[in-house]
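Undergrad: Residue numbers (this note's numbering): -10 to 124. The beta-carbon is built from N, C-alpha and C at its ideal position, and this holds for glycine as well. Small disclaimer: the values here were computed from a predicted structure and weren't measured. Mind having a look at this structure? Questions to follow.
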Amino acid sequence: MDCIFCKIVSGEIKSRFLKETKYSVSFLDAFPLAAGHVLVIPKNHHQKIQDMSIEESNDLFSLVHQMVSNVDAITGSTLIAIHNGKDAGQEIPHIHVHLVPRSKDDSAGSIHTMFDSAVNPSESKMNELYEKLKI
């Protein structure tokens, strides 16, 4: 497979590993958005969160939980971001969680600055979405 993250997991591409668990690894991003930008990925190739087993997902998010305190210690705040699929902005089709140290002077905004405008769904559309999404 020609996946850069799979090559990192296999050792084919050198990386600065921070912690490894049974199903996941964390390492410094080679192209950081901020000093201390960390990626947390599953060892097995999965494009989306829902493609992972519950055990793999639990392991991944447990490692995110462990790493976020270290990242947060850099500036006091951390952006945790996941692009779950190509249309959501995922550039590498292997699920990865970004942990990016943030500061008030870093020129990045809130999630709302990523979109040109907000949607304003009708009450009936909100009810329809509610019925589709509730578990």
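#1: State the DSSP-derived secondary structure class of H101, mapped to helix, strand or coil.
#2: In this structure, does DSSP put I130 in helix, strand or coil?
#3: What are the start and end residues of the alpha helix (DSSP H) that includes A77?
#4: CA-CA distance, A19 and K11?
#5: How big is the Cα-Cα spacing for H34 and P110?
#6: Could you give the residue range of the beta strand (DSSP E) that holds E9?
#7: According to DSSP, is H87 part of a helix, a strand, or is it coil?
#8: Between the stretch 49 to 67 and the stretch 83 to 95, do at least 3 Cβ pairs fall closer than 8 Å?
#9: Can K37 and G78 be called in contact, C-beta distance under 8 Å?
#10: Report the partner residues of S13 according to the DSSP bridge assignment.
#11: State the CB to CB distance for the pair S4 and F16, rounded to an integer number of angstroms; the pair is presumed to be in contact (CB under 8 Å).
TA: If we stick to the structure as given:
#1: If DSSP states are grouped into helix, strand and coil, H101 belongs with the helices.
#2: Absent from the model: residue 130. The displayed extent of the chain is -10 to 124, so no value can be given.
#3: From DSSP, A77 is part of no alpha helix (DSSP H); its letter is neither H nor E.
#4: Each residue's alpha carbon lies about 23 Å from the other.
#5: 36 Å
#6: 6 to 9
#7: strand
#8: yes
#9: no
#10: P31
#11: 4 Å
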